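Q: Have a look at the structure that comes next, please.
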Amino acid sequence: MITTDPKLAWAMALDTGVRSQMGPILEELESGGGVQFTKKGGTGAAHGIEYGPVYARICRLEREQPTLAAIGHVLCHPSTEQANAYLDDAVEAVEGKVIASIPNWGDGRAWRPAKKERVHYLIHVALLERQRNLSNEQPAWGPERIGAMMAEWYGVAINTRKWHQDWMPVWSVIQASINHWEGEAMEPISETIGDMVRNIRKAA
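Read in order, the letters of the sequence shown are residues 632 to 835 in this note's numbering.
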């Protein structure tokens, strides 16, 4: 049975085995054609044709809504290397939302260049945290780990001793911004999954 979690479905649809099976039918799926679903199949069947519609929807997002595709790939792609190819676009989208959510962002005294730089890299770290917690079962990273990841991966130091005073407010805005974009990216996948589930039930 297919998963109803859109993030997991995104990852499953980009499995190498799925992509290798999609060539002959991708054009039909993208043009609105139907695929017959069945509960029968050998090993790996659930990872194959059943996730074809999700793969086709992702391809459509890449063409028509590349920002949403970038968010989805960064958060869900099973290949970290390929996910990171979309990281700059995802960071740009999240950063735009963060800036729009902070009324005094243009205040040079409140938001000096060094602080803005740290916000930029906090977004990188927040996306990395979300990427490594696809199932949402892992505990949230604490200030020390956030600071360590920022220094290790991006070479930018951040003082986390007064985290709740200095950085927690903007970290919360970053999380809300990622939630916004994740919801936008996963909505069409959820719609596709709903169609898939109905088709499977009809074929049962």
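Note that the Cβ used here is the ideal one computed from N, Cα and C, for glycine as well. Treat the numbers as computed from the prediction; the structure is a model and nothing was measured.
If we ignore side chains and look at the alpha-carbon of each, how far apart do Ala835 and Ser766 end up?
A: One-based indexing of the sequence shown puts residue 835 at position 204. One-based indexing of the sequence shown puts residue 766 at position 135. Distance between the alpha carbons of Ala835 and Ser766 is about 28 Å.
Q: Where does Ala807 land, buried or exposed, given buried means 16+ other C-beta within 10 angstroms?
A: In the sequence shown, residue 807 corresponds to position 176, counting from 1. It counts as exposed.
Q: Please indicate yes or no: does the CB of Asn735 lie closer than 7 Å to some heavy atom of the ligand ADP?
A: With respect to the ligand ADP, the structure offers nothing, as it holds no ligand at all.
Q: Going by the beta-carbon positions, is the gap between Ile805 and Ile730 smaller than 8 Å?
A: The residue you call residue 805 lines up with position 174 of the sequence shown. The residue you call residue 730 lines up with position 99 of the sequence shown. No, Cβ-Cβ distance for Ile805 and Ile730 is not below 8 Å.
Q: Roughly how many angstroms lie between the CA atoms of Pro800 and Val722, to the nearest whole one?
A: Within the sequence shown, residue 800 is the residue found at index 169, counting from 1. Within the sequence shown, residue 722 is the residue found at index 91, counting from 1. If you take the alpha carbons of Pro800 and Val722, they lie about 18 Å apart.
Q: Measuring alpha carbon to alpha carbon, tell me which of Ala816, Val828 and Arg832 ends up nearest Leu706.
A: Numbered from its first residue, the sequence shown carries residue 706 at position 75. It is Ala816 whose Cα lies nearest to the Cα of Leu706.
Q: Do three or more CB pairs link the stretch 681–694 to the stretch 709–717 at distances below 8 Å?
A: No, they do not touch.
Q: Mapping DSSP to helix, strand and coil, what is Ser710?
A: Position 79 of the sequence shown, counting from 1, holds the residue named residue 710. Reduced to three states, the DSSP call for Ser710 is coil.
Q: Tell me whether Asn830 sits in a helix, a strand or coil according to DSSP, three-state version.
A: The sequence position of residue 830 within the sequence shown is 199, counting from 1. If DSSP states are grouped into helix, strand and coil, Asn830 belongs with the helices.
Q: In its own chain, which residues sit with a C-beta less than 6 Å from the C-beta of Ala642, not counting the 5 before and 5 after it?
A: Within the sequence shown, numbered from 1, the residue matching residue 642 stands at position 11. Answer for Ala642: Cys707 and Pro709, listed in chain order.
Q: Give the DSSP-derived three-state secondary structure of Lys793 in the structure shown.
A: Counting from one through the sequence shown, the residue named residue 793 turns up at place 162. In this structure, Lys793 counts as coil in the three-state DSSP scheme.
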